[in-house]
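**Student:** Numbering (the numbering used here), first residue to last: 1468 to 1867.
C-beta: ideal position from N, C-alpha, C; glycine also.
Would you mind keeping the following structure in view while I ask a few things?
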Amino acid sequence: MQVQEAQRPAPTIPLELILLVIDLVEDTATLATLALTCKMITAEAERCLYSSFTMKSYRALAKFCFKVWSHRDRKAGFVRRLDTDSAPPSSRPSESLLKQTYQYLMLALPYMINLTELNLDLEWLRGGLLINVSVETVVSLVADVTFQLRNCRLHDTSRSSYAGLDLFLAKQPALQRVDLPHFIMESRHDIAPISLPNLLLLKAPTNFLMAILPHTKNLQMLVWRATAERFDPGPYEIFSTISTQFARIRYLSYGEFPELAGEYSSSKFSSIAPYLGNLECLELCSFSAVEQVRALERLASPEKLRMLLFHPLPHIRMQNDIQTLNLADWIFLRLPSLRFFAVPVFSWNRDCERQEIEGYRIFDSAKGRSADRGEPVADAFHKITNSDLLHHHIFELLPH
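Okay, here's the thing in structure tokens:
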């Protein structure tokens, strides 16, 4: 009898139950412990453990990438999301740790062929390393890799042409959201046309924007990171040829970088305004004078505009409520169908080195005007963190 009992096959746990248990586990340590209990749980838990990495520390990123690279045939295919955005550490990491992190990241990345989301921030490495760290270096390593990318964000403030980035993006046809650095210099080589038919959101400087925009079919959210005319001439002559693409845009953020570029304000926005026939939300960054805001009156259908966000230059930011109210009043008078008008609220960072956006003060025309002064009524203050903006467009975070 005992022999018969021993020969019975071990009961099989239904896969659905295993997946439910794994889904309910909220911390990595418990999941790792659970993975040791049986082979079926090990396989599914491992898939879950390696499917997504959000950077918590340099050491954690180095450890994760080392494990993926060491067991690349088994684990690299599990990775779906790699996010290296990180808040500044409380203490400066050692150069050896930074080198180790960068080395393992570069070794592991080409094997993550099922990656669907990549948020790559190289700024944290460049400050602590003497070696050349750039997006160009990364792109050269994965130039021949076709990931499954739907979301791609590259953060880097170095001035570079990012050679090869156009060819890399063209090999990722499933992309839906692309976020490129502000400071891409005019390329020494021609940027190849980049066909991304599924693209819904694009954040890019002018040269890459003009390589991507003509080949989009569903793009509705556009963040145009322009520079001043003297830095970024802009191909005005092709604006009319992509009027169909401009007409699809419902959410537009137009900004001149660096911030002081508004001192040499371009007329680029005035040139595209007549083509923006379906614009619902507009963000204007680094504008220096009322004359530039008057470009709003050139919109093809100003009555469709529901929300306007206005970012003045640092040295002319509204210093008091009266200035803000006057601007809101001026805007609502010229755009009577506008529902929301918003301005940023700034606070000093913890080191008191610079001002950062804390949130937005929103005026709602539906609330009417104050009875005593007849001024627009401020509806609410919406706190927006930098981490919110890493993965969302501002219009996805505010009412409109």
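Find the nearest neighbour of residue 1682 within the set 1590, 1721 and 1637, judged by alpha-carbon distance.
**Tutor:** Reading the sequence shown from its first residue, position 215 is the one you call residue 1682. The shortest C-alpha separation from residue 1682 is found at 1637.
**Student:** With a threshold of 8 Å, are at least 3 pairs of Cβ atoms found where one atom belongs to the stretch 1540-1550 and the other to the stretch 1571-1588?
**Tutor:** yes
**Student:** Quick one: measure Cβ to Cβ for residue 1619 and residue 1642, integer angstroms, because I've assumed they're closer than 8 Å.
**Tutor:** The sequence position of residue 1619 within the sequence shown is 152, counting from 1. The sequence position of residue 1642 within the sequence shown is 175, counting from 1. Indeed they touch by this definition, with Cβ atoms about 6 Å apart.
**Student:** How would you label residue 1705, buried or exposed, when you count the other beta carbons within 10 angstroms and need 16 or more for buried?
**Tutor:** Stepping through the sequence shown from its first residue, residue 1705 is reached at position 238. Exposed is the call here.
**Student:** Is residue 1775 closer than 9 Å to residue 1736 when the C-beta atoms are compared?
**Tutor:** Residue 1736 sits at position 269 when you count from the first residue of the sequence shown. Residue 1775 sits at position 308 when you count from the first residue of the sequence shown. Contact flag unset, no.
**Student:** Which partner residues does residue 1672 have in the DSSP bridge list?
**Tutor:** Position 205 of the sequence shown, counted from the start, is the residue given in the question as residue 1672. Answer is 1692, bridged to residue 1672.
**Student:** Buried or exposed for residue 1778, going by 16 or more other Cβ atoms inside 10 Å?
**Tutor:** As a first step, residue 1778 is located in the sequence shown; it is residue number 311 there, counting from the start. Buried, by the Cβ-count rule.
**Student:** Under 7 Å Cβ to Cβ from residue 1826, same chain only, skipping five residues before and after it: list those, please.
**Tutor:** For this step, residue 1826 is matched to residue 359 along the sequence shown. Correct list, in chain order: 1812, 1848, 1849, 1850 and 1851.
**Student:** Please state the DSSP three-state secondary structure of residue 1648.
**Tutor:** If you number the sequence shown from 1, residue 1648 lands on position 181. Correct three-state label for residue 1648: coil.
**Student:** If you count every other CB in all the chains shown that lies within 10 Å of the CB of residue 1540, and 16 or more means buried, which is it?
**Tutor:** Counting from 1 along the sequence shown, the entry for residue 1540 is found at position 73. It is exposed - the Cβ of residue 1540 has fewer than 16 other Cβ atoms within 10 Å.
**Student:** Rounded to whole angstroms, how far is the Cβ of residue 1632 from the Cβ of residue 1606, which I believe are closer than 8 Å?
**Tutor:** Along the sequence shown, read from residue 1 onward, the residue named residue 1632 stands at position 165. Along the sequence shown, read from residue 1 onward, the residue named residue 1606 stands at position 139. The C-beta distance from residue 1632 to residue 1606 rounds to 5 Å, short enough to fall under 8 Å.
**Student:** Could you compute how far the alpha carbon of residue 1529 sits from the alpha carbon of residue 1586?
**Tutor:** Looking up residue 1529 in the sequence shown gives position 62. Looking up residue 1586 in the sequence shown gives position 119. Rounded to whole angstroms, residue 1529 to residue 1586 spans 16 Å at the Cα level.
**Student:** Hey, quick one: how far does the alpha helix (DSSP H) through residue 1588 stretch, first residue to last?
**Tutor:** On the sequence shown, position 121 is the one that residue 1588 refers to. Run containing residue 1588: none in the alpha helix (DSSP H); it sits in the beta strand (DSSP E), 1584-1588.
**Student:** Quick check on residue 1745: does DSSP put it in helix, strand or coil?
**Tutor:** As a working mapping, residue 1745 is identified with position 278 in the sequence shown. Three-state DSSP puts residue 1745 in coil, outside helix and strand.
**Student:** Where residue 1869 and residue 1616 are concerned, what is the direct C-alpha to C-alpha distance, given to the nearest angstrom?
**Tutor:** There is simply no residue 1869 to check, as the chain begins at 1468 and stops at 1867 in what is shown.
**Student:** Using C-beta distances below 6 Å, list every residue in its chain close to residue 1809, excluding the 5 sequence neighbours before and after it, in chain order.
**Tutor:** Here residue 1809 is taken as the residue at index 342 of the sequence shown, counted from 1. The residues are 1776, 1827 and 1829.
**Student:** Could you give the DSSP three-state label for residue 1522: helix, strand or coil?
**Tutor:** Here residue 1522 is taken as the residue at index 55 of the sequence shown, counted from 1. Three-state DSSP puts residue 1522 in coil, outside helix and strand.
**Student:** Please report the straight-line C-alpha distance between residue 1689 and residue 1716, rounded to a whole angstrom.
**Tutor:** As a working mapping, residue 1689 is identified with position 222 in the sequence shown. As a working mapping, residue 1716 is identified with position 249 in the sequence shown. Near 7 Å, if we compare the C-alpha coordinates of residue 1716 and residue 1689.
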